[in-house]
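Undergrad: Structure below; questions to follow.
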Amino acid sequence: MSFQSEIVKWYLSNKRDLPWRDTTDPYVIWLSEIILQQTRVEQGKPYFLKFLENFPNVSAFASASEEQVLKLWQGLGYYSRGRNMLYTARYVVANYGGQFPTSYEQLIKLKGVGSYTAAAISSFSSNEQQAVVDGNVYRVLSRYFGIEEPINSNLGQKMFSELAKELIIDQEPAIYNQAIMEFGALQCKPKSPVCSECPVQLGCYAFKHKKIDQLPVKLKKVKVRKRWFNYFVGITGDEILTKQRMPGDVWQHLYDFPLIETEEEVSMTSNEFLTQVEKLFGKDLELKVLEGKKHILTHQIIYVQFFAIDNYIVNFNQHAEIKSVKIEAFKQLPHPKIIGDFIEKHID
DNA sequence: AATACGGGGAG
DNA sequence: CTCCCAGTATT
Numbered sequence: 051m052s053f054q055s056e057i058v059k060w061y062l063s064n065k066r067d068l069p070w071r072d073t074t075d076p077y078v079i080w081l082s083e084i085i086l087q088q089t090r091v092e093q094g095k096p097y098f099l100k101f102l103e104n105f106p107n108v109s110a111f112a113s114a115s116e117e118q119v120l121k122l123w124q125g126l127g128y129y130s131r132g133r134n135m136l137y138t139a140r141y142v143v144a145n146y147g148g149q150f151p152t153s154y155e156q157l158i159k160l161k162g163v164g165s166y167t168a169a170a171i172s173s174f175s176s177n178e179q180q181a182v183v184d185g186n187v188y189r190v191l192s193r194y195f196g197i198e199e200p201i202n203s204n205l206g207q208k209m210f211s212e213l214a215k216e217l218i219i220d221q222e223p224a225i226y227n228q229a230i231m232e233f234g235a236l237q238c239k240p241k242s243p244v245c246s247e248c249p250v251q252l253g254c255y256a257f258k259h260k261k262i263d264q265l266p267v268k269l270k271k272v273k274v275r276k277r278w279f280n281y282f283v284g285i286t287g288d289e290i291l292t293k294q295r296m297p298g299d300v301w302q303h304l305y306d307f308p309l310i311e312t313e314e315e316v317s318m319t320s321n322e323f324l325t326q327v328e329k330l331f332g333k334d335l336e337l338k339v340l341e342g343k344k345h346i347l348t349h350q351i352i353y354v355q356f357f358a359i360d361n362y363i364v365n366f367n368q369h370a371e372i373k374s375v376k377i378e379a380f381k382q383l384p385h386p387k388i389i390g391d392f393i394e395k396h397i398d
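Residue numbers for the first sequence, in my numbering: 51 to 398.
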């Protein structure tokens with residue numbers, strides 16, 4: 051039996067029951083695929099259900115506000131996915147009359163849809179002959195066929211997508227694509243794959259040459275930037291100070307607090323820091339240290355320090371980015387995880 | 001070709 | 001800690 055047939059056979063008796071598996075609605079599949087980009091199934095599942103409930107079709111999605119979308123997205127990360135989804139939903143309503151496209155050619159033009167997602171949606175929704183190449187596929191193919199070219203080099207990407215394209219010939223695209231990904235996720239896992247019970251063990255290059263733990267090859271080591279975010283929590287009556295984050299940095303368009311970023315941990319005896327703070331909030335300011343947190347992202351470690359402030363005066367003309375809003379309204383806004391956690395814990 | 005973009009789980 | 005997850009956009 052061929053590699054593909056074995057994979058499909060394995061899939062049919064081992065697949066998980068997932069809420070996006072029993073549909074060919076391209077909108078629903080799009081929803082699931084965007085959410086699952088760089089996101090584990092278990093983490094994405096509740097978000098998928100929540101989004102589908104709030105936006106049962108693309109027209110409903112298109113009429114949402116960005117704040118609404120980002121609020122639902124809160125905690126999932128890579129927020130550009132949410133912003134791009136809204137853009138795309140509106141684009142589909144405006145240009146395709148709310149009929150979500152199913153062809154690779156049209157899908158690949160959509161914002162937030164790359165080669166993987168276009169292949170996934172087109173194959174799952176209309177059985178188009180497009181091979182998905184995601185992290186799972188890279189791993190399975192590199193191990194089984196013994197491809198040592200780095201999966202994130204230019205040549206590597208080309209080799210893997212060529213191979214994937216050949217393998218899907220004569221296969222049922224929707225089933226086979228899902229099968230190889232599920233196989234990678236459950237059987238041919240990154241760490242301690244279940245080779246002892248593997249249906250394609252005999253043909254597997256990596257198993258035969260004891261290179262399971264060396265494949266796939268991946269270049270890159272991300273360098274991590276350290277940052278110090280000093281947040282100021284200012285509450286007067288039923289209003290709180292907030293600020294929307296701008297493009298060019300993490301958490302674009304999400305709302306946090308007035309912030310002074312420093313090159314290192316600040317000390318309360320640092321004149322430079324206190325001068326900055328007074329410049330922002332006035333001379334009569336009362337400053338109190340709240341909790342500190344370490345927030346770890348892929349490319350940066352953010353040391354977050356919260357301060358409570360009282361008797362502050364903000365010049366809203368000089369600092370148009372800062373606003374004072376009702377606390378109840380503030381809670382409805384989308385926040386970075388670290389801010390959302392703080393609100394939940396400290397602001398009633 | 002490199003880098004930014006979140007957050008979390010597994011080992 | 002490190003790795004990596006149903007990747008994409010930008011430089």
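A virtual CB, placed ideally from N, CA and C, is assigned to each residue, including glycine. Values in this document were obtained by computation on a predicted structure and should not be read as measured data.
Mind checking whether GLY132 and VAL119 have CB atoms under 7 angstroms apart?
TA: Yes; because the gap between Cβ atoms is below 7 angstroms, this pair is in contact.
Undergrad: Quick one: grab the DSSP three-state call for PHE323.
TA: Note: PHE323 maps to helix in three-state DSSP.
Undergrad: Are ALA139 and VAL190 touching if we call contact CB-CB under 7 angstroms?
TA: Their beta carbons are not under 7 angstroms apart, which means ALA139 does not touch VAL190 by this criterion.
Undergrad: Quick one: which unbroken alpha helix (DSSP H) runs of 4-plus residues sit fully inside the stretch 139-190? Chain order, please.
TA: For the stretch 139-190, whole alpha helix (DSSP H) runs of length 4 or above, ordered along the chain, are 154-157 and 165-176.
Undergrad: Identify every residue that forms a DSSP beta bridge with LEU309.
TA: According to DSSP, LEU309 bridges with TYR281.
Undergrad: Which term fits GLU116, buried or exposed, when burial requires 16 or more other beta carbons within 10 angstroms of its beta carbon?
TA: GLU116 is exposed by the Cβ-count criterion.
Undergrad: Determine the closest residue to ASP372 out of ASP299, LYS273, LYS161 and LEU309, with distance taken between C-alpha atoms.
TA: Here the sequence assigns Ile to residue 372, which means Asp is not the residue at that position. Per the Cα distances, LEU309.
Undergrad: Do you know whose CA, among LYS208, ALA110, PHE98 and PHE357, lies nearest GLN124's CA?
TA: For GLN124, the nearest C-alpha among the options comes from PHE98.
Undergrad: Check whether the stretch 174-181 touches the stretch 200-208, counting contact only when three or more Cβ pairs, one atom from each stretch, lie closer than 8 angstroms.
TA: No, the stretch 174-181 is not in contact with the stretch 200-208.
Undergrad: Roughly how far, in whole angstroms, is the beta-carbon of GLN251 from the beta-carbon of PHE257, given that I think they are within contact range, below 8 angstroms?
TA: Correct: roughly 5 angstroms between the Cβ atoms.
Undergrad: Take ILE352 as the anchor and find which of PRO240, ASP299 and ASN186 has the nearest alpha-carbon.
TA: Ranking the options by Cα distance to ILE352, first place goes to ASP299.
Undergrad: If GLU397 and LYS343 are in contact, beta carbons under 8 angstroms, what's the gap, nearest whole angstrom?
TA: According to the sequence shown, residue 397 is Ile rather than Glu. About 15 angstroms; that fails the 8 angstroms criterion.
Undergrad: Excluding the 5 residues flanking ASP75 on each side, which residues of the same chain have their C-beta closer than 8 angstroms to its C-beta?
TA: The residues are PHE150 and SER175.
Undergrad: Using the beta-carbon count (16 or more within 10 Å), is LYS273 buried or exposed?
TA: So LYS273 counts as exposed.
Undergrad: Would DSSP call VAL244 helix, strand or coil?
TA: VAL244: coil per DSSP, three-state reduction.
Undergrad: Just how far apart, CA to CA, sit ASN64 and THR89?
TA: Rounded to the nearest angstrom, the two C-alpha atoms are 21 angstroms apart.
Undergrad: Look at VAL283 and ALA358 and say whether their C-beta atoms are less than 7 angstroms apart.
TA: Cβ atoms of VAL283 and ALA358: closer than 7 angstroms.
Undergrad: Quick check: ILE85 and GLY94, are their CB atoms within less than 7 angstroms of each other?
TA: Going by C-beta atoms, ILE85 is nearer than 7 angstroms to GLY94.
Undergrad: Report the CB separation of ALA169 from TYR188 in whole angstroms; it is logged as a contact under 8 angstroms.
TA: Contact doesn't hold; Cβ gap of about 14 angstroms is too wide.
Undergrad: Looking at the secondary structure, which residues open and close the beta strand (DSSP E) in which LEU217 lies?
TA: Not the beta strand (DSSP E): LEU217 falls in the alpha helix (DSSP H), residues 204-217.
Undergrad: Strictly by DSSP, which residues pair up with ASP360?
TA: In DSSP, ASP360 forms a bridge with GLU336.
Undergrad: Just reading off the alpha helix (DSSP H) that ILE372 is part of, what are its end residues?
TA: Where ILE372 is concerned, there is no enclosing alpha helix (DSSP H), although the beta strand (DSSP E) it sits in stretches over 372-376.
Undergrad: Considering Cα atoms alone, identify which of TYR194, THR348, ASP67 and SER55 is closest to PRO266.
TA: Of the candidates TYR194, THR348, ASP67 and SER55, the one whose C-alpha sits nearest the C-alpha of PRO266 is TYR194.
Undergrad: Whose CA, out of TYR129, LEU122, PRO249 and PRO223, lies closest to the CA of TRP60?
TA: Measuring from the Cα of TRP60, the nearest candidate turns out to be PRO249.
Undergrad: Around the Cβ of PHE296, are there at least 16 other Cβ atoms within 10 angstroms (buried) or fewer (exposed)?
TA: Looking at the sequence provided, one finds Met at residue 296 rather than Phe. Counting Cβ neighbours within 10 Å, MET296 comes out exposed, since fewer than 16 surround it.
Undergrad: Report the partner residues of GLN350 according to the DSSP bridge assignment.
TA: The partner list for GLN350 (beta bridge, DSSP) reads ARG275.
Undergrad: Provide the residue(s) that pair with GLU289 in DSSP beta bridges, ordered along the chain.
TA: The partner list for GLU289 (beta bridge, DSSP) reads THR286 and LYS376.
Undergrad: Please report the distance separating the alpha-carbon of ASP72 from that of TYR362.
TA: So the alpha carbons of these two residues sit roughly 56 angstroms apart.
Undergrad: Given that a residue counts as buried once 16 or more other Cβ atoms are within 10 Å of its Cβ, and exposed if not, what is LEU340?
TA: When all chains shown are included, LEU340 counts as exposed.
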